[in-house]
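This note's numbering numbers the first residue of the sequence shown as -6 and each following residue consecutively. Inspection log for the structure reproduced underneath, given as structure tokens.
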Amino acid sequence: MKGVSVLDKAKSYSRQRHRLAIAGLVLPPVVLFIFLASGLLLYFKDIATTISANTYISLVIFSALTGAAYYAVNLPLEYYSGFILEHRYDLSNQTPADWLKREIKKMAISFFISIPIVISLYAFIKYWPLQWWFLAAMLWFFISVLLVKFAPLLIVPLFYKYSPIKNSALRDRLVDLATKSGFKAEGVYEIDVSRDTKKANAAVIGLGKQKRIVLCDTLLRNFAGPEIEAVMAHELGHHKRQHSLKLVLFGGISIFISFFITNIFFLKLHSIFWQDLLLRDFESIVLIYAIVAALNIVTLPLHNMFSRKLEKDADQFALEITGNKNAFISTMKKLAGQNLADMTPGKFYEIILYSHPPISKRISFAESFSDEK
């Protein structure tokens, strides 16, 4: 897209990302309800029960067939949003083979995580038909907590390699920043995301007071030391102000409310459209997933509203701990340019899709920030 300004390019890119994100929200419940209404799931169940007479083995086979069918329907959207669009705006370094390998890994991980969920849901409905939703919410919450805590340590290394950064001066500055924030840095690492993307990011991971600082190689290559400190101070702010715990508690409450509502719709839809099916039939699991996916459209804006509040709080911490709002502002502008972030998205998309405040609001907040606060 030669001859187009970065701002216009970011607007164009974000506009398409927004539409694709909305499609990604709507597609799951629509596809799953179509699967339920079409009789396709009965065909999958026949195949699964023919292969194995064991209920739980056939349930896993049924889930694999349903998951594969859903992935096939979703594949064009995934390929366009994850490969075509990223290359069109020169944000991706992936080859088609790289993209396919990554998708296969993602699908395999999702399948293995879903196996205990599906089996447990089936058992809950079978043995505790009145309390299943509460037990399911507890399980969902427990798995969510495990993923938040351990995904950076166990899943991310399946895609990228951690290695200690070579810049000792920067390492020492970031270790000092962590110490100043009340944490002990176990190490400062670089992660090789540039094999896939040109976008920049960073994270602080680890349990308790001991943290691992992780910087994308794309961040290290294009940002100055004070700018990297601003990014890392923001991430440390999330830990200092216990945002992970707050998100987990907020998510836990929403999970229990969502499953309570899911149970109401589940019983109502079952009695109207699927009276001939037992509640513990395999298709019931898909019906639950469809209802949860539909409710996600409603609950996502609430999650994002809460997340934006925490992100602003982390920005404030970064400005306070570094005392360098110019570096923060410079960082925001660079991130917007490198990641092609729309600095002023429409209010509708901000409310529905944005987990962070728009860049323009973050810059305005920094500009009005007083070091005396």
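Each residue gets a CB set at the ideal place from its N, CA and C atoms; glycine is no exception. Predicted, not measured: the structure shown is a model, and the values here were computed from it.
- Below 8 Å, enough C-beta pairs join the region 62 to 78 and the region 15 to 34 to call them touching: three or more.
- In the assembly as shown, Arg10 is a buried residue. Its beta-carbon has 16 or more other beta-carbons within 10 Å.
- Residue state for Ala307 is assigned as helix, using DSSP reduced to three classes.
- The count of Cβ pairs closer than 8 Å, one atom from the region 185 to 196 and one from the region 240 to 257, stays below three, leaving the stretches out of contact.
- Beta-bridge annotation (DSSP): Pro150 is not paired with any residue.
- Ala359 and Ala3 do not touch by the CB rule: their CB atoms are close to 19 Å apart, not below 8 Å.
- Approximately 10 Å separates the beta-carbon atoms of Phe28 and Leu35; this is outside 8 Å, ruling out the contact.
- Beta-bridge partners assigned by DSSP to Ile198: Arg205.
- DSSP, read as helix, strand or coil, puts Tyr182 in strand.
- With distances taken between CA atoms, Ser363 lies nearest to Asn319 out of Asn319, Ser74, His296, Leu238.
- In the DSSP assignment, Tyr155 falls within the beta strand (DSSP E) that extends over 155 to 157.
- Going by C-alpha positions, Asn67 is about 11 Å away from Ser74.
- DSSP, reduced to helix, strand and coil, places Thr337 outside both helices and strands of the structure shown, so it counts as coil.
- With a minimum length of 4 residues, there is no unbroken run of alpha helix (DSSP H) contained wholly in the region 91 to 132.
- Here Leu167 has Val181, Ile206, Met225 as same chain residues with Cβ atoms under 6 Å from its own Cβ, once five neighbours each way along the sequence are excluded.
- In its chain, beyond the 5 residues on either side, Ala196, Ile198 have a beta carbon closer than 7 Å to the beta carbon of Pro145.
- Per DSSP, the unbroken alpha helix (DSSP H) holding Pro22 starts and ends at -1 to 31.
- Assignment of Lys261 by DSSP, reduced to helix, strand and coil, places it in the helix class.
- It is roughly 8 Å from the alpha-carbon of Asp185 to the alpha-carbon of Ser156.
- By the CB criterion at 7 Å, Ile112 and Tyr49 fall inside the cutoff.
- Between Trp92 and Arg81, the alpha-carbon positions lie close to 15 Å from each other.
- Proximity to Phe259 across Asp274, Gly244, Ile284, Met325 peaks at Ile284, based on C-alpha coordinates.
- Going by C-alpha positions, Phe275 is about 21 Å away from Met100.
- For the pair Phe134 and Val149, the Cα-to-Cα distance works out to about 21 Å.
- Pairing Ala171 with Ala162 gives a Cβ-Cβ distance that is not under 7 Å.
- Spanning the alpha carbons of Gln87 and Asp189 requires a straight line of approximately 5 Å.
- Judged by DSSP in its simplified three-state form, Lys177 adopts strand.
- Nearest to Lys305 by alpha-carbon distance, out of Phe117, Arg355, Ala116, Phe321, is Arg355.
- Note: Thr292 is not bridge-paired with any residue in the DSSP secondary-structure output.
- Within the same chain, Cβ atoms closer than 8 Å to the Cβ of Trp125 are found at Leu114, Phe117, Ile118, Asn256, the five residues on either side in sequence being excluded.
- The DSSP-derived three-state label of Thr88 is coil.
- Contact annotation: Leu58 and Phe37 have beta-carbon atoms nearer than 7 Å.
- For Ile352, the enclosing alpha helix (DSSP H) covers residues 352 to 360.
- At the C-beta level, Phe321 and Ala223 come within 7 Å of one another.
- For Ser56, the enclosing alpha helix (DSSP H) starts and ends at 48 to 72.
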